[in-house]
Amino acid sequence: MAEQVLRDMNLSSDEFSRLKTCMKDPKFMELLSEYAKEISQPGSKEEAEAYLKMAEERSSFSMEGKDLIIPVAGFCVKTKNKKNNKKVFINICHTTNIDKPTSFTHSGKGEQWSIPYSLGPARNDVDKAGGECEVYDFVVNEEAHERAMKNNRFKRFLAETAIENIQKQRGVELSEEFILPKLKYKGHSGNPKMQTVRKTSASEQANTEKEVSSKSRAGEKPSSDSVPDVKELASKEVKPSYEFIYRDDLDLGKFWTDKAVLPNGNQKPKMIVLRVDLPEVQTSSEVELEVTNSDVSLYVPEKYKLKVQTAHPVDFKNARAQFDRNRRRLEVVMPTC
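Here it is in structure tokens:
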């Protein structure tokens, strides 16, 4: 019966063979069954996608050069979206698979911290009153979390860091005022979502550099509600948030929420799509874009700078780009060679 269902889907012979093989795997079927149950329940779209992504990774995707991380819940930050006034919950999670935070003195004024992190996609949820809210998972190394648990000043510093980087990476405007509710994690399942991160050096990982006031460095004990004197290092261009989507006949790319999930070398997609979030850009005329057969370069003077390699050679002569002014997002579609 299952085989007939696959045939009715009008798949190619290769797709039919791959799915048929996957369906012989008990673990795959278990995940697929969970997916079917979850997707029938209201408000569970993200949970269903997580199961599907896990099934895809276990059946046909390579993790070479990447780490699959299952973050641990830490503490929660509650603020609000200034545009729609919705509540926003930021889950500060931790793992050992992200580089440790580092610190050094800067200009003799204070202690500067570099905090590598991984930011998950935004998702919708509801608060206790049933109102809609937005949720983000912000993952740091466990040492950053441990320091936050021991030092309230650093905890609030980490919360501010998460808020500022979510605004930059996701193009949203959040209130600088926040509270730290007695909640370890906000989400349907109560557990952090899986994420994948590239196995890179600390300098290549997404990170934020901040300066903590000299009072904290000197050991002055702050009050429980004090906030660090935080200053961001000046930088003309920043690396924007981006993701790759890989399209073939089956178009599994629509299920991928993590830019680090790539197909393996034996499964060349028909199209590679690069999506870049540019919240500070008004029109496409501001963007300088160059596409070659192996990489894409983007430059917006005094705002953004990005250069990324494609997983497969592309037909750059037939590549096309479109800027969505509402979402402030550039999409580059490239056929593979």
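Residue numbers (this note's numbering): 76 to 412.
Glycine included, every Cβ here is placed at the ideal spot set by N, Cα and C.
No experiment lies behind these values; they were computed from the predicted model shown.
Inset, instruction - Give every residue of the same chain whose Cβ lies closer than 6 Å to the Cβ of Thr-177, excluding the five residues on either side of it in the sequence, and list them in chain order. - result: Locating residue 177 in the sequence shown gives position 102, counting from the first residue. Contacts found: Ser-189.
Legend entry - Span of the alpha helix (DSSP H), counted from its first residue to its last, around Arg-231: Residue numbering aside, residue 231 sits at position 156 when the sequence shown is read from its first letter. Taken as a continuous stretch (DSSP letters only), the alpha helix (DSSP H) holding Arg-231 covers 227-245.
Legend entry - Cα-Cα separation, Asn-151 to Leu-381: On the sequence shown, residue 151 is found 76 positions in, with the first residue counted as 1. On the sequence shown, residue 381 is found 306 positions in, with the first residue counted as 1. The displayed chain sequence assigns Cys, not Asn, to residue 151. Taking the straight line joining both Cα atoms gives about 31 Å.
Inset, instruction - Mind checking who Tyr-211 pairs with in its DSSP beta bridge? - result: For the purposes of this step, residue 211 is taken as the residue at position 136 of the sequence shown. BP columns for Tyr-211 point to Ile-165.
Inset, instruction - Assign Phe-179 to buried or exposed, taking buried as 16 or more other Cβ atoms, counted over all protein chains shown, within 10 Å of its Cβ. - result: Residue numbering aside, residue 179 sits at position 104 when the sequence shown is read from its first letter. It counts as exposed.
Legend entry - Exposure of Ser-201, with buried meaning 16 or more beta-carbon neighbours within 10 Å: Counting from one through the sequence shown, the residue named residue 201 turns up at place 126. The identity of residue 201 in the sequence shown is Val, whereas the question assumes Ser. It is exposed - the Cβ of Val-201 has fewer than 16 other Cβ atoms within 10 Å.
Legend entry - N-terminal and C-terminal residue of the beta strand (DSSP E) that Gly-149 is part of: By 1-based counting over the sequence shown, the position of residue 149 is 74. Looking at the DSSP string, the run of the beta strand (DSSP E) that includes Gly-149 is 147-155.
Legend entry - Proximity below 8 Å, CB of Phe-398 to CB of Ser-359: Within the sequence shown, the letter at position 323 stands for residue 398. Within the sequence shown, the letter at position 284 stands for residue 359. Yes, Cβ-Cβ distance for Phe-398 and Ser-359 is below 8 Å.
Legend entry - Per-residue burial, Ile-194 [other beta carbons within 10 Å of its own, 16 or more giving buried]: Locating residue 194 in the sequence shown gives position 119, where the first residue counts as 1. In the sequence as presented, Ile is not what sits at residue 194; that position holds Leu. Buried, because 16 or more other Cβ atoms sit within 10 Å of the Cβ of Leu-194.
Legend entry - Beta-carbon proximity check, Met-269 vs Ile-144, cutoff 8 Å: For the purposes of this step, residue 269 is identified with residue 194 of the sequence shown, where counting begins at 1. For the purposes of this step, residue 144 is identified with residue 69 of the sequence shown, where counting begins at 1. For Met-269 and Ile-144, yes; Cβs fall inside 8 Å.
Legend entry - Buried versus exposed call for Leu-258 [16 or more other C-beta atoms within 10 Å across all chains shown]: Residue mapping note: residue 258 aligns to position 183 of the sequence shown, counting from 1. It counts as exposed.
Inset, instruction - Over the uninterrupted beta strand (DSSP E) stretch that includes Ala-396, give me the two end residues. - result: Translated into the one-based positions of the sequence shown, residue 396 becomes position 321. Ala-396 -> beta strand (DSSP E) spans 395-399.
Legend entry - Thr-177 - DSSP class collapsed to helix/strand/coil: The residue labelled residue 177 in the question sits at position 102 within the sequence shown. Three-state DSSP puts Thr-177 in a strand.
Inset, instruction - State the Cα-Cα distance for the pair Glu-207 and Asn-199, rounded to the nearest angstrom. - result: Here the question's residue 207 lines up with position 132 in the sequence shown. Here the question's residue 199 lines up with position 124 in the sequence shown. The alpha-carbon atoms of Glu-207 and Asn-199 are separated by roughly 7 Å.
Legend entry - CA nearest to the CA of Lys-203, picked from Pro-256, Glu-186, Glu-355: Translated into the one-based positions of the sequence shown, residue 203 becomes position 128. The residue with the shortest Cα to Cα distance from Lys-203 is Pro-256.
Legend entry - Sequence-distant residues of its chain with Cβ nearer than 7 Å to Asn-393 (five each side left out): The sequence position of residue 393 within the sequence shown is 318, counting from 1. Only Pro-410 meet the Cβ criterion.
Legend entry - Gly-328 in three-state terms, based on DSSP: Counting from 1 along the sequence shown, the entry for residue 328 is found at position 253. For Gly-328, the predicted structure reports a pLDDT of 43, less than 50, and the residue's modelled location is therefore unreliable. A value from the coordinates is still provided. DSSP places Gly-328 in helix when its eight states are reduced to three.
Inset, instruction - Kindly indicate which three-state DSSP category Met-104 falls into: helix, strand or coil? - result: To locate residue 104, count along the sequence shown from 1; it is residue 29. The answer is helix: DSSP assigns Met-104 an H, G or I state.
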